[in-house]
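Quick notes on the structure that follows.
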Amino acid sequence: MAKPTEVEIGEDKAPVIAPGLTFASITDKVASIVLRRPITNGWLFGFAICFLILQWFLLAVCWLFYKGVGVWGVNIPVGWGFAIVNFVWWIGIGHAGTLISAILLLLRQAWRNSINRFAEAMTLFAVACAGMFPLLHLGRPWLFYWLFPYPNSMSYWPQFRSPLVWDVFAVSTYLTISLVFWFIGLIPDLASLRDQTNNKAIKFVYGLLAMGWRNSVRHWHRYETAYLLLAGLATPLVLSVHTVVSFDFSIGIVPGWHTTIFPPYFVAGAIYSGFAMVLVLAIPIRKFYDIKEFITERHIENSAMVMLATGWIVAYGYAIEAFVNWYGGDPYESFLRWNRLHGPYAFWYYALLVTNLLVPQVLWFRRIRTSPFWLFLVSLDVLVGMWLERFIIVVVSLTRDFVPSSFGQYYPTWNDWSILVGTLGFFAACMFLFLRLLPAVSISELKTLIPQAEVTVAHAEEVHEL
Amino acid sequence: MAQIFHRSTNLIARFSVFFGLVLAALALGGVLELARAPYLTNQNVVRAQPIQFSHKHHVGDDGIDCRYCHTGVETSATAGIPPTKTCMNCHSVLFNNVGYLEPVRESFRTDKSIEWVRVHRLADFVYFNHSIHVNKGIGCSSCHGQINQMPLVFQASNLQMQWCLDCHRNPQAALRPRDQVFNMDWKAPANQAELGKKLAAEYKIPSTELLTSCSTCHR
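Respectively, the protein sequence lines represent chains A and B.
Letter 120 of the first sequence, counting from 1, is numbered 131 in our numbering, and no numbers are missing.
Letter 148 of the second sequence, counting from 1, is numbered 425 in our numbering, and no numbers are missing.
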């Protein structure tokens, strides 16, 4: 009998986990990355660069807070520039992490077990990056707490009809649940790290974080229940959070924004770009940390297939949007279509079509899907494409809407770029730290994948008869 | 191998979970309470003035009507602080050689205004209007406290938006007959609920929606 977590795979598919691994070798391999691997020059160099970018980012933010949002290229027709584009982009990237850890868990996809840990970390860091933008783009960021419903001395409450207020709840809930989900998943692994070292200080820190995990059956029973419940909670969250983000636009009356297809199409785009980021991270991680036994060709290929599938949902979104613009007969929407194809930003729209629709079609070829090098390039291309998609939606719709006298252009400034690049630096710096300090792949979940973990049917029946 | 954590950790762990929550709740409550505390609202803080002008003496003992000095209160948005001329109406002959009043005489001689210290300070984005309150039956003491008993003026109310809105949502509780507005000793009668309702109709107090809409105060 097959294990319940096993999915049927073809003869030619790579295995979820390389053969020949034992419980001990899995623990040893993952724990040694954290506990025994010396700090390499590569890690130091990468972290230093990201840290420098992060400092530059902080300078840019200080300048922004000191001078005001006018240091950005935003203007009166285009009130939302890079800040919102980046916000949606980062939130989108975070979604693949939850998809992998929660939705694939509900679907009992065994291949998620090797990539869920760093995908969840990716979610957390991406949401942290995204979460900065709603604050940074406020004209008076020090009053951000007015967005929370608390009994203040002004007898004032937030406007619960604004999707921007929903964003506050969506993103803060998403971050909290992701963090709890990630941490619960980490507990057994932290206990493994605790038991793998003789260094008292390290033992103490991991012991504190593992909260007295003893691997008892009772622990595991409750752990699995809680994990599954959280996965069940996180799944609607993934869909609703990005839906709420899409409401920021679709609630508006601007042509190009007011579309009912946005919620599912944004979520598909989120998973599309999120999987691209997973691959951008997984491909170097498995190479430099030599964990190809855990993150096999199978994971790479499956991620590529999810990317291809969601890429087609996004393609459908573009097509139906263009079709409805024509079919609806609204002159402003017709103009929107014309403006995207022939307006001042036409180049970027074509760039979007090429990067998001055309290039990823190479994923139909198995040779590309299983080639880390090419897949890495395609994933980078999709990340750029999905950033362009948000740019087209946010900026191009705003530059030219109803009244020709308020047509405008948007030119990002050095500060816009610094903050975009700065969040990338922050994200990467967090990833570097995560790889050093925590187990990048789930030790306990990997152990369920090896043949030794299988409970034999004969034994189970015996117990039953007793 | 020795245990990592001493047995006492059991207690510390339990208490930290419990007290973490309690401390967080206390901190939040403390912040919310601090925002309403006189420490931040300056409520009940007696301020030194260039001249120790006593309302208790002028209103309480002498029985001068509020409008003798604060002339604008029934007609304009600001009640106004009396000019030196008003002081000198009496003090040109009354206590006219007391050193205590020298700043008043100096101001009169030199034409330089007395720099009174403002006690009731609203932010500039609040457009408070005195005349409408006085004309709709809100007495001085409802907001300023019993000025006739204050040797030096202090802020009797916290002047927070919550306090303004509490009354705008339920003005009936504070309404008094127009002829009682300047009576500092007026106390709400036992039938205030009934009286307030009657007066609200009589004075045509607008709906709560209008009274609490943003542009009522933040024009």
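Where is the CB? At the ideal position from N, CA and C, for every residue including glycine.
Compile a chain-ordered list of the residues in the stretch 290-321 of chain B whose CB is closer than 7 Å to at least one CB of chain A.
Those would be L309, A312 and R313, in chain order.
Look at the alpha carbon of A:L110 and the alpha carbon of A:G267, and state the distance between them as a whole number of angstroms.
The straight-line gap from Cα to Cα measures roughly 28 Å.
Within a Cβ cutoff of 6 Å, which residues of the same chain sit near B:V403, ignoring the five residues on either side of it in sequence?
Cβ neighbours of B:V403 beyond the five flanking positions: C494.
Given a threshold of 16 other Cβ atoms within 10 Å of its Cβ, counted over all protein chains shown, does B:D388 qualify as buried or as exposed?
Exposed, by the Cβ-count rule.
For B:G297, which three-state DSSP category applies?
Helix.
Can you tell me whether A:N4 is helix, strand or coil according to DSSP?
The structure shown does not extend to residue 4 of chain A, since chain A is modelled only from 12 to 477, so the question has no answer here.
Between the stretch 412-426 of chain B and the stretch 444-462 of chain B, can you find at least three pairs of beta-carbon atoms closer than 8 Å?
yes
With H, G and I counted as helix, E and B as strand and the rest as coil, what does DSSP make of A:Q463?
helix
Mapping DSSP to helix, strand and coil, what is A:W74?
helix
Collapsed DSSP secondary structure at A:M165 in the structure displayed
coil
Reduced DSSP secondary structure (H/G/I, E/B, other) of B:N412
helix
At the level of alpha carbons, what is the spacing between B:R313 and B:K464?
25 Å
Is the beta carbon of A:P295 less than 9 Å from the beta carbon of A:F445?
no
Assess, as a yes-or-no matter, whether the stretch 109-124 of chain A is touched by the stretch 455-469 of chain A under the definition of 3 or more beta carbon pairs within less than 8 Å.
yes
A:T51 in three-state terms, based on DSSP:
coil
Option in B:M365, B:H410 and B:V350 with minimal Cα separation from B:R386
B:M365
For the alpha helix (DSSP H) containing A:R229, name the first residue and the last one.
V228 to S261
In its own chain, which residues sit with a C-beta less than 8 Å from the C-beta of A:G84, not counting the 5 before and 5 after it?
G92, F93, Y421, Y422, P423, T424 and D427, listed in sequence order.
Can you give me, in chain order, the residues of the stretch 140-170 of chain A that have a beta carbon less than 9 Å from any beta carbon in chain B?
Near chain B, meaning a CB-to-CB distance below 9 Å, the residues of the stretch 140-170 of chain A are Y161, P162, N163, S164, M165, S166 and Y167.
Is A:W91 helix, strand or coil when you go by DSSP?
coil
Within a Cβ cutoff of 7 Å, which residues of the same chain sit near A:E19, ignoring the five residues on either side of it in sequence?
Note that A:E19 has pLDDT 49, beneath the 50 cutoff, so the model's placement of it is unreliable and the number below is only indicative. Taken in chain order, the list of residues that qualify is empty.
Classify A:M318: buried if its beta carbon has 16 or more other beta carbons within 10 angstroms, exposed otherwise.
buried
Nearest to A:V96 by alpha carbon, out of A:W398, A:V191, A:R205 and A:S453?
A:W398
For the stretch 286-301 of chain B against the stretch 229-238 of chain A, are there 3 or more C-beta pairs whose distance is under 8 Å?
no
My understanding is that A:P160 touches A:I262, with C-beta atoms under 8 Å, so please give their C-beta distance in whole angstroms.
Contact doesn't hold; Cβ gap of about 20 Å is too wide.
A:I324 (DSSP reduced to helix, strand or coil)
helix
If we ignore side chains and look at the alpha-carbon of each, how far apart do B:E564 and B:V458 end up?
Residue coverage of chain B in this structure runs from 278 to 496, which leaves residue 564 of chain B outside it and unanswerable.
Taking 7 Å as the limit between beta carbons, can you name the residues of its chain near A:L204, skipping five residues before and five after?
A42, V45, L46, Y217 and P450
Euclidean distance between Cα positions of A:A181 and A:A107:
16 Å
Which residues bound the alpha helix (DSSP H) around A:G280?
F273 to F299
Which residues of the stretch 417-440 of chain B have a Cβ closer than 9 Å to any Cβ of chain A? Give them in chain order.
N435, Q437, M438, Q439 and W440
Tell me the rounded alpha-carbon separation between A:N209 and A:N163.
51 Å
Is A:M397 close to chain B? Criterion is C-beta to C-beta, closer than 9 Å.
no
Touch test, the stretch 439-450 of chain B against the stretch 482-493 of chain B, Cβ-Cβ under 8 Å, three pairs minimum:
yes
Going along the stretch 437-462 of chain B in order, which residues come within less than 9 Å of chain A, judged by CB to CB distance?
Q437, M438, Q439, W440, C441, L442, D443 and R446
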